[in-house]
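Colleague:
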Amino acid sequence: MGLTRCRVCRGVVSTRTELCPYCGTQEPAKPEWPNRRYFWTSLVVVFVAIVLAQLLVWGPAERDLDEADKQLEAVERELERARQTPEYEQLRRWAEDEP
Ligand SMILES: [Zn+2]
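For my numbering, count along the sequence shown from 1 and bump the result up by 10.
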C-alpha cells in the first residue's frame with residue numbers, strides 16, 4: 011500500500027484509507043472528477059474545435075464578402091465611366107426635359 015494526497019485537503023494519506031484523517035473526506039485517495047488535467051484538456055479541445063469551426067465555416071463566408079465588395083467596386087467604377095460618356099449626358103438632358 012502506498013501513500014498519496016487527499017483530494018480535498020492535500021494531506022498525505024494511504025491510498026487504501028477510507029477516511030482522510032485530516033479533513034474526514036471519504037475515500038480521499040480517489041481522484042476527484044473532473045480532475046484538473048481533464049478539465050484543461052477539455053478546454054483546449056473545445057477551443058481548438060471553435061478555431062477550426064471558424065476556419066471552416068466563417069472563413070469562406072468572409073472571403074465571399076470580400077468578393078462581393080470587389081464586385082461592388084467594379085460596378086461603381088463601371089457606372090462612373092458610363093457617366094462620363096456623351097450618351098449619358100444625352101440621357102440626362104432628355105430626362106431633365108421630361109415634364
Ligand atoms: Zn483530507
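No residue lacks a Cβ here, since even glycine has one placed at the ideal position from N, Cα and C.
(1) Contact between the stretch 26 to 38 and the stretch 52 to 66: three or more CB pairs below 8 angstroms?
(2) Which residues have their C-beta within less than 6 angstroms of a heavy atom of ligand 1, listed in chain order?
(3) Nearest by alpha-carbon distance to GLY12: which of PRO41, GLY69, ARG26, VAL18 is it?
(4) Quick one: what does DSSP say THR27 is sitting in, helix, strand or coil?
(5) Could I get the ranges of all uninterrupted alpha helix (DSSP H) runs contained in the stretch 29 to 101, with 4 residues as the minimum, in chain order?
Modeller: In short, the structure shows the following:
(1) no
(2) CYS16, VAL18, CYS19, GLY21, CYS30, TYR32, CYS33, THR35, PRO38
(3) Looking up residue 12 in the sequence shown gives position 2. Checking every option, the nearest Cα to that of GLY12 belongs to ARG26.
(4) Counted from its first residue, the sequence shown places residue 27 at position 17. Residue state, collapsed to three classes: coil.
(5) 46 to 63, 69 to 93
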